[in-house]
Amino acid sequence: MSRTFVGMPPFPTAARAALADTQLRANLAHATTTIRAKRAAVVAELDDWEALRLRAAAIKDDVLLHLDEHLVRLEESLTARGAVVHWARTAEEASEVVAQVARAHGVDEVVKVKSMATQEVELNEHLAAQGISAWETDLAELIVQLGDDLPSHILVPAIHRNRAEIRAIFEREMARVGRPAPADLTDDPVRLAEAARLHLREKFLRAKVGVSGANFAVADSGTLVVVESEGNGRMCLTLPEVLVSVVGIEKVVPTWTELDVFLTLLPRSSTGERMNPYTSTWSGVTPGDGPQEVHVVLLDNGRTRALADEVGRQALRCIRCSACLNVCPVYERTGGHAYGSVYPGPIGAILNPLLKGVGHDEQTDSLPYASSLCGACFEACPVRIDIPSVLVDLRAQVVDAHRSGVPKPEALAMRAAAAAFGSGGRLAAAEQASGLAGRALDALSSLTRRGRRAGGRRLVGRLPGPGAAWTDARDLPVPPRESFRAWWKRTDGGTR
Amino acid sequence: MRVALMVTCLNDAMFPDAGKAVVTLLRRLGVDVEFPAAQTCCGQPMVNTGYLDEAVPVVRSFVRAFEGYDAVVTPSGSCAGSARHQHSIVARRSGDPGLATAVAEISPRVHELSEFLVDVLGVEDVGASFPHAVTYHPTCHSLRMLGVGDRPERLLRAVRGLRLLDLPRAEECCGFGGTFALKNADTSVAMGADKARHVRESGAEVLVAGDSSCLMHIGGLLTRQRAGVRVMHLAEVLASTEGATRAGAAR
Amino acid sequence: MSARDEILAAVRGAVATARRPVEVPPLDRPEREGDVDLFAARVADYRATVVRCPPEGVAAAIAAALPERATVVVPDGMPYAVPGAVPDAGLSSAELDATTAVVTTATVAIATTGTIVLSHGAGEGRRVLTLVPDVHVCVVRADQVVDDVPAAVRRLDPARPTTWISGPSATSDIELSRVEGVHGPRTLHVVLVGPADGTPPGAVS
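First to last, the protein sequences are chains A, B and C. Using my numbering, the first residue of the first sequence is number 1, and each one after it goes up by one. Using my numbering, the first residue of the second sequence is number 1001, and each one after it goes up by one. Using my numbering, the first residue of the third sequence is number 2001, and each one after it goes up by one.
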């Protein structure tokens, strides 16, 4: 994968392009509707879902507030089990550890399990710059990689592609990097999956170095957990002689027992299954079984910045299930690319600003506003991240970061509104003015919309200037001649 | 019991009929509702856009207006949510412990209309008559921030002559979202267009909701599409009686 | 300062004023027996095959589950007879790739989710053994079936590698349409043994 999210436009601009893509809209609507129904069905099977959520959130909060202690314990356990522990402050440091391991073994390729952390640090690009190919082995990641594309969903990264597009990508690109697609390939998903199986099997069997992330890291046993469906994870974790796992520092759970709740919540929330096909757990090196050289890279890359955010800290509870994406009405219509990050959707709208900080670039600053604050994400989140509250807090951080500069029209409007709303008297005066404006609009509407009315009220058609954002697609009623306040005063509360 | 009407800035300036309907309805139920003239806005437009400093004077005026009332009733799930869940954030920002105390005192007394009717007054049949096919959009803040549940539907089912039709994907956001409707107008309209389609599919003559803001957005799309479906605030339907059916105001 | 010390210092700085004890509510679930019928039904939901038999019928059930003329590998410590099977004497990945089937036991099974868990000791073998061959026949005893995931977690030793298997490998990456059989064994065949007092033998699905 050579493309990255660097240089993506702010959300409203990217969203406009995505909304115009009817194929994308259809793919997304189908996918999110399907997965929502599956999730709802398996969540309803458990009568203690809310108790599970509360326990999971509490476990993660406890971990986060004592993260230093848990990380030190994790390091001790891993080391005792024969793993080599590395610490990476930045994306570059994490990628360089993997590159060093590859170089030490003289390989020019590694096989990869789908992992958000390695995507976040742009590992593949870093390795490619050193002449090392990183083969994505998850089917969707393979589609994205072969198509020189970007992932658009945490769980189903090629959700924006349909079967015909995937067939074309396989036929065009597989031969370039390994076993070609079968000559009689069709766009039947069964045949496409078979093509991927054959293409990747030779890579699995010859790979010396595997790279993974981890869904969970158990501090007191040094156990890493990878949750997957296709078996590509098991291949990468088992067949190579050397395994490097890049793990965000927030992935810690204190003890093995606490996995009970997470292994219950994750599959039901993410794929809408009672259980995912395969879960692998391993603790360092197991003599005679699997990789005999095991590295673990503990990654910060902005996580300690997020941890310091009083309101936003809860985002580090995230277990990357993507339930919030699937229920989000904004994501359903724009897809993941509009968010300009490997973390799209509601969680991406808070995680990216928390990891990177606000006030530096327009794209990141646009993300907290990429939500109608409807709250569907909070309701679906298995670890109860109050995404709407974090979004609102981040919006304040964005505004505060720009307070010293030249105020935007929006800031001036908010100041004016604050002045008007600071007293009932001032507001009454403002409303009288709006009543006047209403009369002017009324006259205007009789020209622009030929006096169209609804329920007795005149409507404003398309307005020029800032009003266009509303009226390009929506009518606006003309303000009434008399406000409620004026009516109450005139009629003494309707009694005269 | 001293009850204050918090009419909301949007209803005050744009949809006074919703406020008048609350007054009519509550008087019919024997509640002598007052309108504190010092009230302005709950501050939600500022808070949800990130302008916390600008929200401080607004919340101060809110507190001044509603201090001393036993209950504050408002025809808006969103503004009730703002008062109950966001005023404490603004008070903390102000650094004024007095404001924080006043907010903590008033916030729990703010009720969205359907909550006030069902929980405080204990009524579901408000004696209304509205012989029309209606569908109900549960606005996000009523549904998920306040948790009003099926209170509005219970109230509507008790209305004489009213036929309540199912709204497909009812619980999905209409796309208004305050300044989201302007800052992300394309996405907002895409969401609203789907909501408007579902409203048309419901077969209803009238779309009812508890928030004028969402109704202004959906209604603006419906009239632009010449869909022939009116929008009305829940209060207006509940205020309607035989022979005095209110005409739905355009939104 | 090393990366380690810098990260740990940043963590301490980030939570310095926020540290508080967090009360973690325990999982408050009644102890329930594992429902063997439910397990069989849930495994079948994944389009895996489940065959139930009494203890004396295991060898026949295994033989019936294996494809004709299959090359079969078994791990060390396999308690059931598998005629003609090759014992795993450190076969290479390529050799396993040329092997049709593997027969193993399991450590625990989960009724609610239809999951079998291997911890790769005696009778279960190295992880690669149940990964590369295309057919996995797994013998599960009824007394190994627990109610749900939490009960399974409590029965397992974190020091061992574990593999949790819920049906054959699958993907939904293409238009969310489920395809069974990607990289792991495309056929999963569960032989469910007992209880000894005699559930009648026969196929559940």
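Just so it is clear, CB atoms sit at the ideal spot from N, CA and C, and this is done for glycine as well. Quantities reported herein were computed from a predicted structural model and do not represent experimental measurements.
Cross-chain neighbours of residue i in chain B, by beta carbon under 8 Å
{"i": "A/A57", "result": "Ordered by position in chain B, no residue passes the 8 Å Cβ test against A/A57, which lies about 17 Å from the chain."}
{"i": "A/M498", "result": "The requested residue 498 of chain A is not part of the displayed model; chain A covers only 1 to 496."}
{"i": "A/V399", "result": "T1049, G1050, Y1051, L1052"}
{"i": "A/E431", "result": "D1012, A1013"}
Closer than 9 Å to chain A by CB, residue i
{"i": "B/G1243", "result": "no"}
{"i": "B/I1106", "result": "no"}
{"i": "B/V1237", "result": "no"}
{"i": "C/E2175", "result": "yes"}
{"i": "C/G2184", "result": "yes"}
{"i": "B/R1151", "result": "no"}
{"i": "B/T1074", "result": "no"}
{"i": "B/L1221", "result": "yes"}
{"i": "C/E2031", "result": "no"}
{"i": "B/R1060", "result": "yes"}
{"i": "B/H1141", "result": "yes"}
{"i": "B/G1175", "result": "yes"}
{"i": "B/G1098", "result": "no"}
{"i": "B/D1166", "result": "no"}
{"i": "B/G1161", "result": "no"}
{"i": "C/A2122", "result": "no"}
Beta-carbon neighbours of residue i, restricted to chain C and to distances below 7 Å
{"i": "A/S280", "result": "T2163"}
Contacts around residue i, its chain only, beta-carbon distance under 6 Å, and the 5 residues preceding and following it disregarded
{"i": "A/P12", "result": "none"}
{"i": "A/E92", "result": "none"}
{"i": "B/G1019", "result": "V1007, N1011"}
{"i": "B/L1099", "result": "A1091"}
{"i": "C/T1983", "result": "The first residue shown for chain C is 2001 and the last is 2205, placing residue 1983 of chain C beyond what the model contains."}
Other residues of its chain near residue i: CB distance less than 7 Å, five sequence neighbours each side excluded
{"i": "A/A15", "result": "T334, A338"}
{"i": "A/V358", "result": "T364, D365, L394, Q397, V398, A401"}
{"i": "B/S1213", "result": "L1010, S1078, F1176"}
{"i": "A/S115", "result": "S212, G213, V246"}
{"i": "A/A18", "result": "L24, T334, G335, H337, A338"}
{"i": "C/V2058", "result": "Y2080, V2139, V2191, V2193"}
{"i": "A/T471", "result": "V460, G461, R462, L463"}
Listed by chain order, chain C residues near residue i by CB distance under 8 Å
{"i": "A/M275", "result": "I2110, T2113, G2114, T2115, V2149, W2164, S2166"}
Closer than 8 Å at the beta carbon, the chain A residues around residue i
{"i": "C/G2013", "result": "T304, A308"}
{"i": "C/V2153", "result": "W256, T257, L259, D260, L263"}
{"i": "B/M1191", "result": "P329, V330, R333, S372"}
{"i": "C/R2069", "result": "Simply none; closest approach about 22 Å."}
C-beta neighbour in chain C for residue i, strict 9 Å
{"i": "A/S229", "result": "yes"}
{"i": "A/E93", "result": "yes"}
Buried or exposed (CB count within 10 angstroms, at least 16 for buried), residue i
{"i": "C/S2092", "result": "exposed"}
{"i": "A/T137", "result": "buried"}
{"i": "C/M2001", "result": "exposed"}
{"i": "A/T186", "result": "exposed"}
{"i": "B/V1134", "result": "buried"}
{"i": "A/H360", "result": "exposed"}
{"i": "A/S404", "result": "exposed"}
{"i": "A/R458", "result": "buried"}
{"i": "A/K203", "result": "buried"}
{"i": "A/M520", "result": "Outside the shown range of chain A (1 to 496) lies residue 520 of chain A, about which nothing can therefore be said."}
{"i": "A/R450", "result": "Because A/R450 sits at a pLDDT of 49, beneath the cut-off of 50, its placement in the model cannot be relied upon, and the following sentence gives the value as read from the coordinates. The residue in question, A/R450, is exposed, as its Cβ has fewer than 16 Cβ neighbours within 10 Å."}
{"i": "C/T2115", "result": "buried"}
{"i": "C/R2019", "result": "exposed"}
Contacts that residue i makes with chain A (C-beta to C-beta distance below 7 Å)
{"i": "C/T2171", "result": "L139, A193, S229, E230"}
{"i": "B/C1041", "result": "F421"}
Residue i Cβ short of 8 Å to the ligand GDP heavy atom set
{"i": "A/A117", "result": "Within the structure as shown, the ligand GDP is missing, as the structure has no ligands at all."}
Minimum Cβ-Cβ distance from residue i to chain B less than 9 Å
{"i": "A/D393", "result": "yes"}
{"i": "A/E241", "result": "no"}
{"i": "A/G272", "result": "no"}
Own chain residues within Cβ distance below 8 Å of residue i, not counting five before or after
{"i": "A/F421", "result": "L427"}
The region 155–171 of chain A: positions lying closer than 7 Å to chain C by Cβ | V156, A158, N162, R163, I166
Report the residues of the region 2034–2064 of chain C with a CB closer than 9 Å to any CB of chain A, ordered along the chain.
-> R2042, D2045, Y2046
Could you name the residues of the region 468–482 of chain A whose beta carbon sits closer than 9 Å to any beta carbon of chain B, in the order they occur along the chain?
-> A468, A469, W470, T471, D472, A473, R474, D475, L476, P477, V478, P479, P480, E482
Listed from N- to C-terminal order along the chain, which residues in the region 207–229 of chain A have their beta-carbon within a distance smaller than 8 Å of any beta-carbon of chain B?
-> none
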